[in-house]
Amino acid sequence: MAEQSIGREPIQIVELDLDRCALTYGVAPCAAALGVTGAIKCFNTRKTCQDTANYTNTDTLTLRFTKSRSNLPTALGTLIPSLQGVSTRPAEIDLETGIGVRAKATIQIKDHPHHDRGIDPYAREREYDPNERGTFWRKLLARNPYYQGRAARIREGYVGQTLAQMRTRHYVIERIKGPDIQGNVSVELKDILKLADKDRAKAPKHSSGVLASSITAGAGTATLSPGGVGDEEYPASGTVAIGDEAIDFTRSGDTLTLTARATRGTEADDHDAGDTVQLCLAWNDKPVTDALYELLTGYTTITAANIPKADWDAEFATWLAGFAMTGIVMEPTGVDDLCAELLVQSGSLFWWDEYEQKVRFFAIKPPPQPPRVLNSRDHILEDSQRREEKPEERASQIYMYYGQIDPTEDVDDPTNYRRVRGEILSNEESADLYGESRIKRVFARFMDSSNDGQASIIVDRLANRLRDTPHYLRIAVDAKDRDIALGDLIDVDSDLNVTPDGRVTRVRYQVVQREESQPGHKVILKLQVYSAFQAGQRFAYVVADGTADYDAVSSGARDPGGWIAGGSPPDVDGDPPYLII
Amino acid sequence: MPVIISRNISIPQLSYPLTHPRIGWRNILTDSASTVTVSSEDGDNVKENAYDGLTWDYWQPNLLPATLTVDASTAATADYVGIAAHTLGTNGNTVEVQYSDDGISYTTEQSIQPSDDEPIMALFTPSDHRYWRLRISGGTGNPLLGVVHIGKVLEMQQRYYVGATPPPMGRTATLLPTRSERGQYLGRSLRRTGVEAEADFEHLTATWYRSQMEPFVLHALTGAYFFAWYPSKYPEEIAYVWTNDPIVPENTGPGDLMSVSFTIMGVESSG
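Heads up: the protein sequence lines correspond to chains S and X, in order. First residue of the first sequence? That's 152 in this note's numbering, and the numbers climb one at a time after it. First residue of the second sequence? That's 9 in this note's numbering, and the numbers climb one at a time after it.
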């Protein structure tokens with residue numbers, strides 16, 4: 152049974168992973184002993200451990216919950232049929248901020264008595280009937296209070312499928328509420344980019360070293376205090392901030408050799424004993440993808456396994472080659488905020504691919520392949536279309552500020568930048584069109600004064616995207632089209648998009664939100680018009696050197712390729728020539 | 009899978025004919041004096057899961073032939089076996105219902121070869137033995153058994169027919185069709201949530217109700233049971249069910265008769 156099957160039986164399974172000690176109570180190396188370290192055996196959890204020195208957190212207890220149904224799939228192992236519902240706030244891509252809105256899922260589960268089998272490894276040895284004591288969730292939470300950040304999955308498939316065949320969304324556990332007096336339990340799950348939120352990840356990390364003694368504005372050395380903090384927190388070389396001064400250094404033990412004072416546009420000053428020596432985050436011509444990678448893997452608990460860096464690098468090499476980041480962050484700043492700045496400054500996006508467990512990076516670009524087409528006959532469900540215009544997102548004047556002067560001053564102060572690139576869409580501001588000015592400013596502290604070209608590109612793209620009122624389209628599609636993913640580009644023939652003479656016109660969108668409102672049955676898509684590279688515009692990749700002439704290759708090879716012709720292009724098929732971008 | 013009615017069943021020993029419903033609620037496996045042993049267990053699928061009454065956890069042997077044996081400590085009467093939430097049909101296993109008085113030498117009372125994973129109820133002539141067991145063999149894999157009952161069946165004093173929905177046919181399900189904006193049929197989803205039916209009994213004598221029905225009614229407050237609504241004519245129509253409300257009878261006339269009506273809800277086969 153699968154997406155295409157008529158009479159398919161969707162099933163939703165929520166999996167929660169909890170830590171479990173791999174040892175057996177009282178068996179070496181576990182030194183716990185009944186009557187000595189505790190009155191009853193532990194539950195193989197850290198909270199109940201009686202020999203924490205040997206606690207071995209290499210095992211995982213995976214709990215699976217599903218809605219009660221008649222034909223519970225036995226092949227999937229123990230499924231606890233206490234799931235009441237799953238509500239989701241899907242991730243949303245945001246072209247304005249780059250980082251978008253984090254996905255969130257709330258799982259509603261009903262509490263119940265439980266025999267502890269499969270949960271308590273020593274259930275058979277207990278001198279009480281677990282069914283008569285507490286409830287499933289009360290006992291579970293008492294034994295496992297350290298659940299935050301542990302993995303959770305929502306699997307959505309069909310009866311007859313294996314777990315691996317189901318589409319699986321990956322989250323981390325954020326909070327468990329309840330059970331309340333009615334036995335209702337609520338489990339909140341967040342996508343992994345939550346780990347980059349400012350309340351739990353900052354870059355640079357807070358430094359605890361201070362000056363052991365005062366230094367003058369011309370001093371060449373400084374000593375860190377408390378003793379040993381140098382090796383613990385500071386690299387062999389880098390940049391530190393003392394007060395409002397950025398200073399380059401090399402380090403040996405707790406001694407800093409100050410190789411350059413007053414760098415990055417700051418001013419030298421005297422500093423007192425006890426002043427904080429804050430390690431800075433400093434980049435010099437760092438590719439934007441490397442900077443993002445450093446932020447996520449160096450300052451959050453997101454692992455490299457969640458980042459398809461090779462894909463990021465390819466995207467960078469093809470579309471963002473000039474976007475090298477230079478700048479300094481002198482005080483701990485939310486990683487999410489820094490990522491958002493980098494994304495906006497490079498005209499790119501990223502989001503958590505909850506199915507593939509990857510942070511996807513996407514440069515605004517023409518689609519590499521012709522997008523799939525959705526239409527009202529074969530795809531869009533009845534009564535599901537809604538078109539919404541967002542006049543507040545339109546802009547008629549775009550300004551990008553770059554070449555930051557003083558990193559200690561406000562990031563969003565226009566006077567703190569050496570350069571500005573702007574585009575005024577005077578036609579759109581005219582009384583015959585929108586009749587008003589709307590101003591958008593982008594502050595690019597990580598683009599230095601040499602980035603004129605990159606600034607122009609971003610301004611042009613923003614102008615193209617924002618000159619007309621952006622609109623969104625919401626549609627629902629059947630599960631047969633559930634492979635449409637967040638971030639995909641699709642062309643839509645919707646009855647809501649027509650030409651002045653009433654014909655349906657094809658519009659290109661990007662999927663900025665995707666939600667299976669009825670898992671395995673119906674998918675709701677929020678689409679944002681992809682103004683930068685619309686349907687009907689033609690793009691091609693210039694073919695490699697040595698490729699045969701246009702007339703000599705097959706039509707299949709012609710379609711994605713572009714041949715550069717001198718003078719007037721030959722009138723090959725009557726279509727207009729391609730643009731070189 | 010139908011009700012298995014033993015060829016050797018002694019009709020004269022029946023209180024009421026097999027046109028009357030049978031309710032399998034008693035279970036020797038859960039008696040406090042009983043001890044249950046199994047030949048093997050696979051991981052977390054331990055023996056207790058076979059007689060905790062829950063349909064979502066299972067006993068699974070890791071080697072066939074496998075046995076699940078109950079020692080009742082003294083002779084216990086049984087005339088039915090119920091099995092639900094199982095994969096015996098999918099696996100093609102054979103189940104033998106056996107008894108013994110010494111725990112060594114067993115006699116086979118019933119041999120069952122399920123053709124599907126629907127609930128099974130085997131009825132046979134009542135007999136008293138200390139040891140009862142299921143012996144599972146053959147097939148292509150180690151089965152899962154979610155619910156096992158061995159015990160004395162309740163023979164209903166009256167039958168019911170007119171207006172009744174056979175429990176296995178009382179399917180409850182959510183159907184979700186989809187249609188495109190231009191009217192094309194794009195698919196359909198289904199969620200089967202079980203079976204639900206009404207059981208209505210009239211003209212029950214007050215004496216019978218108090219001695220036979222009332223113990224079942226007390227069990228039904230917390231436990232599930234097997235229900236065969238018309239074993240002789242529709243032996244295949246059996247369900248493992250429970251009630252969500254207390255079963256409450258009422259007196260129905262001057263003849264010291266009572267009637268009772270209750271809603272049963274249950275599962276179909278395993279998925």
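Beta carbons: idealized from backbone N, C-alpha and C, even for Gly. All of these numbers come straight from a predicted model, not from anything done at the bench.
Out of the options, state which residue places its alpha-carbon closest to the alpha-carbon of residue i.
i	options	result
E560 (chain S)	S:Q235, S:R415 and S:G369	S:R415
D79 (chain X)	X:G159, X:P243, X:R190 and X:Y233	X:G159
L576 (chain S)	S:R523, S:Y681, S:R616 and S:R569	S:R616
N567 (chain S)	S:S600, S:R277 and S:V704	S:S600
L183 (chain X)	S:T313, S:G671 and S:L647	S:G671
S607 (chain S)	S:G697, S:F474 and S:P517	S:F474
P254 (chain X)	X:A236, X:G202, X:V225 and X:A247	X:V225
S499 (chain S)	S:D245, S:R220, S:P161 and S:S233	S:D245
E666 (chain S)	S:D504, S:D462 and S:D331	S:D504
K631 (chain S)	S:R589, S:L637, S:Y552 and S:L532	S:L532
A546 (chain S)	S:K218, S:V428, S:E247 and S:G228	S:E247
D267 (chain S)	S:K290, S:E492, S:W434 and S:V310	S:K290
To which residues does DSSP link residue i through a beta bridge?
i	result
D399 (chain S)	S:T390 and S:A411
Y784 (chain S)	Residue 784 (chain S) lies beyond the residue range present for chain S, which begins at 152 and ends at 732; the question has no answer from this structure.
N259 (chain X)	X:M266
L500 (chain S)	S:F513
R657 (chain S)	S:D644
M551 (chain S)	S:R572 and S:V593
P185 (chain X)	X:R196
M273 (chain X)	X:E204 and X:W250
S123 (chain X)	Answer is none; S123 (chain X) lacks a bridge partner.
S23 (chain X)	DSSP lists no partner for S23 (chain X).
E117 (chain X)	Beta-bridge pairing links E117 (chain X) to no other residue.
Can you list, in chain order, the residues of its chain whose CB lies under 7 angstroms from that of residue i, leaving out five sequence neighbours each side?
i	result
S23 (chain X)	E163
Y623 (chain S)	E539, K541, K677, L678 and Q679
V480 (chain S)	A354, P355, C431, L432 and L489
N201 (chain S)	Checking the displayed sequence, the identity of residue 201 (chain S) turns out to be Gln instead of Asn. Around Q201 (chain S): A183, T188, G189 and C193.
Y176 (chain S)	A183, K192, C193 and Y273
S42 (chain X)	I36, V78, D79, A80 and S81
Please return the same chain residues whose Cβ sits closer than 6 angstroms to the Cβ of residue i, not counting the five positions on each side in sequence.
i	result
G425 (chain S)	V361
C172 (chain S)	N195, Y206 and T207
N526 (chain S)	D644
R215 (chain S)	I164, E166 and L230
P10 (chain X)	Below a pLDDT of 50, predicted positions are generally treated as unreliable, and P10 (chain X), at 49, falls in that range; no measurement from the model is reported.
T199 (chain S)	C193 and R294
A90 (chain X)	With the sequence shown as reference, residue 90 (chain X) is identified as Gly, and Ala is not the correct amino acid for it. So the list reads G32, M129, H157 and F234, once near-sequence residues are dropped.
T186 (chain X)	L194 and G195
V161 (chain X)	R30, G32, D87 and Y88
T698 (chain S)	none
Q68 (chain X)	D50, N53, N150 and L152
For residue i, count neighbouring C-beta atoms within 10 Å of its own C-beta (all shown protein chains included) and say buried if the count is 16 or more, exposed if not.
i	result
N578 (chain S)	exposed
G381 (chain S)	buried
H357 (chain S)	exposed
Y444 (chain S)	buried
A392 (chain S)	buried
Y297 (chain S)	exposed
P651 (chain S)	exposed
P262 (chain X)	exposed
R218 (chain X)	exposed
L185 (chain S)	exposed
N282 (chain S)	exposed
R143 (chain X)	buried
D405 (chain S)	buried
K349 (chain S)	exposed
L72 (chain X)	buried
Excluding the 5 residues flanking residue i on each side, which residues of the same chain have their C-beta closer than 8 angstroms to its C-beta?
i	result
S240 (chain X)	I13, P25, L26 and T27
**Study point:** Where the region 625-651 of chain S meets chain X: residues whose CB sits under 8 angstroms from a CB there
**Key:** D629, A630, K631 and D646
**Study point:** Against chain X: residues of the region 217-230 of chain S by CB proximity under 9 angstroms
**Key:** T217, K218, S219, R220, S221, N222, L223, P224, T225, A226, L227, G228, T229 and L230
Point to revise | Near-chain X residues of the region 178-194 of chain S - C-beta to any C-beta below 7 angstroms | key: none
Exercise for review: With 9 angstroms as the limit, tell me which residues of the region 525-550 of chain S have their beta carbon closer than that to any beta carbon of chain X; keep them in chain order.
Suggested key: N526, S527, R528, D529, H530, I531, L532, E533, D534, S535 and Q536
**Study point:** Residues in the region 669-687 of chain S having any Cβ partner in chain X nearer than 8 angstroms
**Key:** Q669, G671, H672 and K673
Point to revise | Against chain X: residues of the region 258-284 of chain S by CB proximity under 7 angstroms | key: H266, R268 and G269
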